[in-house]
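At position 69 of the sequence shown the residue is numbered 68 (our numbering), and the sequence of numbers has no breaks.
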Amino acid sequence: CNCNGHAYDCYYDPEVDRHKASRSREDKFEGGGVCIDCQHHTTGINCERCIPGYYRSPDHPIDSPYICYRCNCESDFTDGTCEDLTGRCYCKPNYTGQHCDTCAEGYLNFPHCY
């Protein structure tokens, strides 16, 4: 299995194999390996994504233990998650900005944004 250095164990899943959804160590989509207990805030068949509430740092290789950073999205105007690679917060309706700290276009009077 290719767990990108974020897990020690895996299992074979014939459905994953049939759909060619697992990435091999040779960087090919083949086989049916699924990683178990991904570490470093990672998830996915090959521990290739960050768990909700974290985003993938473009500054680190995929096998780095520091690949996933916690989203800085703690305000009442976010859902607590963020975009992968940028860390930009996903905003609630009527809000915008990196940390949802601005009214969206057409809305006024932050923090009410009506």
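All residues carry an ideal CB built from backbone N, CA and C; glycine is no exception.
Helix, strand or coil at residue i according to DSSP, with G and I counted as helix
i: arginine 17; result: helix
i: glycine 96; result: coil
i: aspartate 58; result: coil
i: aspartate 8; result: strand
i: isoleucine 50; result: coil
i: arginine 22; result: strand
i: isoleucine 35; result: strand
Classification of residue i by the beta-carbon crowding that lies within 10 angstroms, buried from 16 upward
i: asparagine 3; result: buried
i: asparagine 108; result: exposed
i: isoleucine 114; result: With the chain running from 0 to 113 in the structure shown, residue 114 is simply not present.
i: arginine 55; result: buried
i: histidine 111; result: exposed
i: histidine 59; result: exposed
Residue from the options with nearest C-alpha to residue i
i: glutamate 104; options: Asn93, Tyr68, Phe28, Ser56; result: Asn93
i: threonine 131; options: Pro57, Tyr65, Lys27; result: Residue 131 cannot be examined here, being either before or after the span of the chain that is shown, 0 to 113.
i: cysteine 9; options: Cys99, Arg17, His98, Cys0; result: Cys0
* **Cβ contact check for the segment 71 to 81 and the segment 25 to 42: 3 or more pairs under 8 Å** => no
* Check whether the segment 21 to 29 touches the segment 40 to 58, taking contact to mean three or more Cβ pairs, one atom from each stretch, closer than 8 Å. => yes
* Start-end ranges of the beta strand (DSSP E) lying completely within the segment 70 to 94, minimum 3 residues -> 77 to 81, 88 to 90
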